[in-house]
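The structure appears below as structure tokens.
Protein chains: 2
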Amino acid sequence: MQLDEKDIRILNHLLQNSRVSMRELGRLVDMSAPAVTERVRQMESFGVIKGYTVEIDYEKAGYPISCMIEATIKNGQYERFKKKIENQGNVEYCHRIAGQACFILKLHFRSLAEIEIFINDFSDLAHTVTHIIFSNVETNQTL
Amino acid sequence: MQLDEKDIRILNHLLQNSRVSMRELGRLVDMSAPAVTERVRQMESFGVIKGYTVEIDYEKAGYPISCMIEATIKNGQYERFKKKIENQGNVEYCHRIAGQACFILKLHFRSLAEIEIFINDFSDLAHTVTHIIFSNVETNQTL
DNA sequence: GTTGAAAGACACCATCC
DNA sequence: GGATGGTGTCTTTCAAC
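These protein sequence lines map, in sequence, to chains A and B.
Here the first sequence stands for residues 1450 to 1592, numbered as in our numbering.
Here the second sequence stands for residues 1450 to 1592, numbered as in our numbering.
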């Protein structure tokens, strides 16, 4: 599937507000509702669109501490680590990366004490380096 | 604002699919549509809900290379760096962190050549360490 | 917070360009 | 591939409880 300029415009609008109706989305990109619906359906079925989600302010939601954790997996613990991460609710994402560490994760916590528990909990699977997140630079993502 | 169990359930459903109607969302959390609408509006106006967005498969969208970049800002270039990042479309997020580096960013590129251009473009503002992302561990985020 | 009703918007389909 | 018009459904919103 090759995205054209109209698909890109649709995705950029959905990036800003995914709860828009197909009719309104059509207005935004100067297309009829059926046409825009068809394009969205195609991008969904092809997997360009993986899903629709909500952006949460974790501080206001009761998770005032966020951090990036670099994880270097210990011998033979690779699959156990992945399984454990998948079942951990407070992981926003987990990337397998090149470099000294194997993974980099972003997590949300209710307190510093919770971070300590997390690190201890994973100490047999991975060596970790924790970076507290102070703030976020707002980005205007576009394709 | 203090979130109760129902708010949490609403947010967890919106995390999985933000395009659900208020009526359907009400069914999912065993509430009436007006009640769930009121709660969502409150979370929006209080800022717990920052927005609704789409999850994109960047590889399928023509950006096959993603990477994490650690940026250590050079003397006095802090504001210029932030300004430049804000106007860069391919930055998914940019976190100010504790540790050796000042920021960690996730970016999407069309090619390795584009990464090189990016790094060169920022070389007067920051020292960078680039980590190519090989894959992502799927996480089931919940509050 | 719930229910019920009314108005409106929406998605879908068929048709046509 | 896209636009238009009609139909039925779903949704939102408001009022009363």
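Backbone N, C-alpha and C fix where the C-beta goes; we use that ideal spot for every residue, glycine too.
Beta-carbon gap between E1519(A) and A1550(A) smaller than 8 Å: Counting from 1 along the first sequence, the entry for residue 1519(A) is found at position 70. Counting from 1 along the first sequence, the entry for residue 1550(A) is found at position 101. In contact: E1519(A) and A1550(A) (Cβ atoms closer than 8 Å).
Limits of the unbroken alpha helix (DSSP H) element including E1401(B): Lying outside 1450 to 1592, the shown extent of chain B, residue 1401(B) is not represented and no answer is given.
CA-to-CA distance, K1532(A) to N1524(A), given in whole angstroms: Within the first sequence, the letter at position 75 stands for residue 1524(A). Within the first sequence, the letter at position 83 stands for residue 1532(A). For N1524(A) and K1532(A), the distance between alpha carbons rounds to 16 Å.
Contact between the stretch 1500–1507 of chain B and the stretch 1453–1471 of chain A (3+ Cβ pairs under 8 Å): Short answer: they touch.
Strand pairing of C1516(B), partner residues [DSSP]: Along the second sequence, read from residue 1 onward, the residue named residue 1516(B) stands at position 67. Beta-bridge pairing links C1516(B) to L1556(B), I1581(B).
E1508(A) in three-state terms, based on DSSP: The residue labelled residue 1508(A) in the question sits at position 59 within the first sequence. E1508(A): coil per DSSP, three-state reduction.
Beta carbon proximity, N1589(A) to chain B, threshold 8 Å: Along the first sequence, read from residue 1 onward, the residue named residue 1589(A) stands at position 140. Yes, its Cβ sits closer than 8 Å to a Cβ of chain B.
Neighbour flag for N1466(B) against chain A, beta carbons, 8 Å: Position 17 of the second sequence holds residue 1466(B). So yes, N1466(B) belongs to the interface.
Partners in chain A for I1514(B), counting only beta-carbon separations shorter than 8 Å: Translated into the one-based positions of the second sequence, residue 1514(B) becomes position 65. Ordered by position in chain A, no residue passes the 8 Å Cβ test against I1514(B), which lies about 11 Å from the chain.
Beta-ladder partner(s) of T1502(B), from DSSP: Locating residue 1502(B) in the second sequence gives position 53, counting from the first residue. Looking at the DSSP assignment, T1502(B) forms a beta bridge with T1502(A).
Residue-chain proximity (N1585(A), chain B), Cβ-Cβ < 8 Å: Sequence index remark: in the first sequence, residue 1585(A) carries index 136 (1-based). Yes, contact with chain B.
Separation of D1506(B) from I1457(A), as counted between CA atoms: Translated into the one-based positions of the first sequence, residue 1457(A) becomes position 8. Translated into the one-based positions of the second sequence, residue 1506(B) becomes position 57. Their Cα atoms are separated by approximately 13 Å.
Backbone CA spacing between S1481(A) and R1472(A) [nearest angstrom]: Within the first sequence, numbered from 1, the residue matching residue 1481(A) stands at position 32. Within the first sequence, numbered from 1, the residue matching residue 1472(A) stands at position 23. Straight-line Cα distance between these residues: approximately 7 Å.
Whole-Å CB distance - E1541(B) paired with L1561(B), under 8 Å assumed: Position 92 of the second sequence, counted from the start, is the residue given in the question as residue 1541(B). Position 112 of the second sequence, counted from the start, is the residue given in the question as residue 1561(B). Not a contact, Cβ separation roughly 18 Å.
C1516(A) vs I1581(A) beta-carbon contact at 8 Å: Indexing the first sequence from 1 puts residue 1516(A) at position 67. Indexing the first sequence from 1 puts residue 1581(A) at position 132. Yes, the Cβ-Cβ distance between C1516(A) and I1581(A) is below 8 Å.
Pick from R1545(B), K1455(B), I1568(B) that is closest to I1514(A), judged by C-alpha positions: In the first sequence, the residue the question calls residue 1514(A) occupies position 65. That would be R1545(B), whose Cα lies nearest to the Cα of I1514(A).
Sequence ranges, alpha helix (DSSP H) only - wholly within the stretch 1452–1507 of chain B, length at least 4: 1454–1465, 1471–1477, 1482–1495
Same chain only: Cβ atoms within 6 Å of M1450(A), ignoring 5 sequence neighbours per side: Within the first sequence, the letter at position 1 stands for residue 1450(A). Here the set comprises F1495.
Contact list for L1463(A) against chain B, beta-carbon separation under 8 Å: Position 14 of the first sequence, counting from 1, holds the residue named residue 1463(A). In chain order: T1502, V1503.
7 Å Cβ shell around T1579(A) - same chain, five flanking residues per side excluded: The residue given as residue 1579(A) occupies position 130 in the first sequence. If we look at T1579(A) and ignore the five residues flanking it on each side, its Cβ neighbours are C1516, I1518, I1564, I1568.
Nearest residue (CA-CA) to R1490(B), options T1591(B), S1572(B), I1459(B): As a position in the second sequence, residue 1490(B) is number 41, starting the count at 1. Per the Cα distances, I1459(B).
Endpoints, beta strand (DSSP E) assigned at E1541(B): Locating residue 1541(B) in the second sequence gives position 92, counting from the first residue. Where E1541(B) is concerned, the enclosing beta strand (DSSP E) stretches over 1540–1546.
Buried/exposed call for A1510(B), threshold 16 Cβ in 10 Å: Taking the first residue of the second sequence as position 1, residue 1510(B) is located at position 61. Buried, since its Cβ has 16 or more Cβ neighbours within 10 Å.
Cross-chain neighbours of L1452(B) in chain A, by beta carbon under 8 Å: Counting from one through the second sequence, the residue named residue 1452(B) turns up at place 3. A1510, G1511, listed in chain order.
Cut-off 8 Å between Cβ atoms - residues of its own chain near I1553(A), not counting five sequence neighbours on either side: The count along the first sequence starts at 1 and reaches residue 1553(A) at position 104. Closer than 8 Å at the Cβ level, and outside the excluded window around I1553(A), lie M1517, I1518, E1519, A1520, C1543, H1544, I1546.
Contacting residues, own chain, Cβ-Cβ under 8 Å from Q1526(B) (five flanking each side not counted): Numbered from 1 along the second sequence, position 77 holds the residue referred to as residue 1526(B). These residues qualify, in order along the chain: D1573, L1574, A1575.
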